[in-house]
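If you use numbering that gives the first Met the number 0, the sequence shown closes out at 291, no skipped numbers anywhere. Note that the Cβ used here is the ideal one computed from N, Cα and C, for glycine as well. Since the structure comes first, as structure tokens, the remarks are kept for the end.
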Amino acid sequence: MKIKEILKSSQPHISFEIFPPKTDAGFDSVVRAADQIAGLHPSYISVTYGAGGGTSKNTVKIASHLKHDMGVTSLAHLTCVSSTRDMVHKVVEELKEQGIENVLALRGDIPQDTDFPLPNHYRYASELITEIKGLGDFCIGAACYPEGHVETEHKADDIIHLKHKVDCGVDFLTTQMFFDNAILYNFLYRIREKGITVPVVPGIMPVTSAKQIKRIGFLSGTMLPQRFLAVVDRFGDDQQAMQQAGIAYATDQIIDLFANGVNHVHVYSMNKPEVAEAIMNNLSHIVKMEEE
Ligand code: FAD
0 MKIKEILKSS
10 QPHISFEIFP
20 PKTDAGFDSV
30 VRAADQIAGL
40 HPSYISVTYG
50 AGGGTSKNTV
60 KIASHLKHDM
70 GVTSLAHLTC
80 VSSTRDMVHK
90 VVEELKEQGI
100 ENVLALRGDI
110 PQDTDFPLPN
120 HYRYASELIT
130 EIKGLGDFCI
140 GAACYPEGHV
150 ETEHKADDII
160 HLKHKVDCGV
170 DFLTTQMFFD
180 NAILYNFLYR
190 IREKGITVPV
200 VPGIMPVTSA
210 KQIKRIGFLS
220 GTMLPQRFLA
230 VVDRFGDDQQ
240 AMQQAGIAYA
250 TDQIIDLFAN
260 GVNHVHVYSM
270 NKPEVAEAIM
280 NNLSHIVKME
290 EE
């Protein structure tokens with residue numbers, strides 16, 4: 000099913016994300032985790048794609064398994080920054096062969112040790128989106144950044160670029176994680192004002208360890224509110240307590256989003272079925288599960 004159809008529902012829905020293994024040795028355990036998450040009947044599961052190879056080769060395989068063997072709508076991520084156009088076209092052909100209708104089209108982070116962009120390579124996700132649009136009947140998602148993308152100096156420019164990207168053929172947007180819902184509401188107001196009308200799926204990350212937080216701040220420049228930092232200060236040294244508190248914090252964010260008119264939330268469940276399950280249990284009377 001195309002995700003743009005799922006997003007027409009006015010019922011609260013949850014989707015999850017998984018990432019493929021870094022090495023082939025990890026393949027079976029990732030598939031086991033994906034299967035357990037699929038067993039929770041989310042509206043879809045997204046499968047990430049490594050920008051620099053490595054974790055990218057199993058994306059289509061896992062997305063296909065989720066769709067055909069587990070009966071869950073899958074969303075295959077595809078990055079282009081480290082790929083030639085021929086490499087990207089090959090992956091798009093594989094997606095078509097596997098009947099995967101949903102693609103999250105991304106640029107990926109710029110590799111530090113090469114020139115950018117390389118000849119016959121892509122500079123922005125918008126170029127990839129234009130190409131995918133011409134290659135098949137896909138439902139195309141793209142990324143957006145409520146706090147602004149790290150490379151952009153002015154948030155206003157980021158929204159101008161986002162508008163151009165959406166106009167290239169985007170059906171829905173998924174946000175970078177955020178820990179203060181006011182940031183999302185403010186972002187939605189600003190993009191709607193600029194004429195971006197496609198559905199926006201907020202991405203929520205349940206933080207389950209103190210280590211994760213240092214990485215998040217470093218990678219995405221995400222603002223960590225005082226209320227969130229107080230939770231980490233109090234529970235960060237105790238893994239089980241931090242996991243429980245992180246899940247509760249994420250649940251609280253999700254309920255506030257639903258209460259304020261959002262109908263779909265994407266959870267960065269990081270290959271942790273127990274986290275996905277706890278979130279679903281917390282929302283058992285709120286979220287609509289997909290039919291078995
Ligand atoms: P773009 O939309 O191309 O934007 C990149 C930067 O270029 C922005 O600063 C933008 O403002 C600027 N820009 C865009 N167009 C123009 C223009 N015409 N002129 C000037 N500036 C412009 N990474 C992975 O490696 N694998 C994944 O699976 C993955 N999944 C993700 C999922 C989500 C929901 C999100 C939010 C991010 C994900 N990422 C993933 C990270 C993403 O690849 C990086 O954030 C990357 O740096 C930007 O990708 P993008 O598609 O948003 O790029």
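Considering residue i, what are the terminal residues of the alpha helix (DSSP H) in which it resides?
| i | result |
| --- | --- |
| PHE26 | 26-37 |
| GLY133 | 124-134 |
| LEU161 | 154-166 |
| GLU4 | 2-5 |
| GLU276 | 272-281 |
| GLU192 | 180-192 |
| GLY245 | 238-258 |
| PHE18 | Looking at the DSSP string, PHE18 is not in any alpha helix (DSSP H), and its letter there is neither H nor E. |
| ILE44 | Taken as a continuous stretch (DSSP letters only), ILE44 belongs to no alpha helix (DSSP H), being part of the beta strand (DSSP E) at 44-46. |
| VAL102 | Looking at the DSSP string, VAL102 is not in any alpha helix (DSSP H); the run it does join, the beta strand (DSSP E), is 101-105. |
| ILE61 | 58-67 |
| ASP232 | 225-234 |
Residue i: buried (16+ other C-beta within 10 angstroms of its C-beta) or exposed?
| i | result |
| --- | --- |
| ILE13 | buried |
| ALA181 | exposed |
| ILE341 | With the chain covering 0 to 291 only, the question about residue 341 has no answer from this structure. |
| GLY70 | exposed |
| GLY52 | Because the pLDDT at GLY52 is just 49, under 50, the model does not fix this residue reliably, and the value given afterwards should be weighed accordingly. Exposed is the call here. |
| GLU273 | exposed |
| SER73 | buried |
| VAL144 | Note that residue 144 is Tyr in the sequence shown, not Val. When all chains shown are included, TYR144 counts as buried. |
| MET222 | exposed |
| GLY133 | exposed |
| ASP236 | exposed |
| THR113 | exposed |
Which first and last residues belong to the beta strand (DSSP E) in which residue i is found?
| i | result |
| --- | --- |
| SER82 | Note, SER82: premise wrong, no beta strand (DSSP E); not H, not E. |
| VAL266 | 263-266 |
| THR173 | 171-174 |
| GLY140 | 138-143 |
Please confirm whether any heavy atom of the ligand FAD lies closer than 7 Å to the CB of residue i.
| i | result |
| --- | --- |
| ALA142 | yes |
| LEU74 | no |
| LEU103 | yes |
| LYS89 | no |
| SER125 | yes |
| ARG106 | yes |
| GLY168 | no |
| HIS340 | Residue coverage of the chain in this structure runs from 0 to 291, which leaves residue 340 outside it and unanswerable. |
| ASP156 | yes |
| GLY49 | yes |
| HIS263 | no |
| GLY220 | no |
| LYS56 | no |
| THR22 | no |
| LYS164 | yes |
| HIS153 | no |
| THR113 | no |
| GLN175 | yes |
| HIS12 | no |
| THR196 | no |
| GLU130 | no |
Of the residues the options, which one's Cα is nearest the Cα of residue i?
| i | options | result |
| --- | --- | --- |
| ASN101 | GLY147, ILE2, THR196 | ILE2 |
| VAL266 | ARG226, VAL87, ILE158, THR47 | THR47 |
| LEU183 | SER28, GLY202, PHE171, SER208 | GLY202 |
| SER8 | ASN262, ASN281, GLU273, MET269 | ASN262 |
| ALA311 | GLY133, PHE15, ASP27, SER28 | The requested residue 311 does not occur in the structure, where the chain is confined to residues 0 to 291. |
| SER28 | ASN281, LYS271, ALA209 | LYS271 |
| SER268 | ALA141, PHE26, LEU39 | LEU39 |
| SER63 | TYR248, ASP34, GLY49 | ASP34 |
| ASP179 | LEU228, VAL169, ILE36, CYS79 | LEU228 |
| LYS210 | GLN225, PHE257, LYS132, MET241 | MET241 |
| LEU256 | LYS89, LYS154, VAL200, SER208 | VAL200 |
| ARG84 | LYS154, LEU117, ILE139, TYR144 | LEU117 |
| SER81 | THR151, LEU105, VAL264 | LEU105 |
| CYS167 | MET176, GLU130, ILE253 | GLU130 |
| SER55 | SER42, PHE26, ALA37 | PHE26 |
| ARG214 | THR196, MET176, ASP112, TYR248 | MET176 |
| ARG226 | GLN252, GLN239, ARG122 | GLN252 |
| ASP294 | GLU92, TYR121, PRO205 | As shown, the chain starts at 0 and ends at 291. That puts residue 294 outside it, with no answer to give. |
| LYS164 | ASN57, LEU103, MET204 | LEU103 |
* Asked: Do the stretch 271-285 and the stretch 21-28 touch if we need at least three Cβ pairs shorter than 8 Å?
  -> no
Contact between the stretch 120-129 and the stretch 148-157 (3+ Cβ pairs under 8 Å):
no
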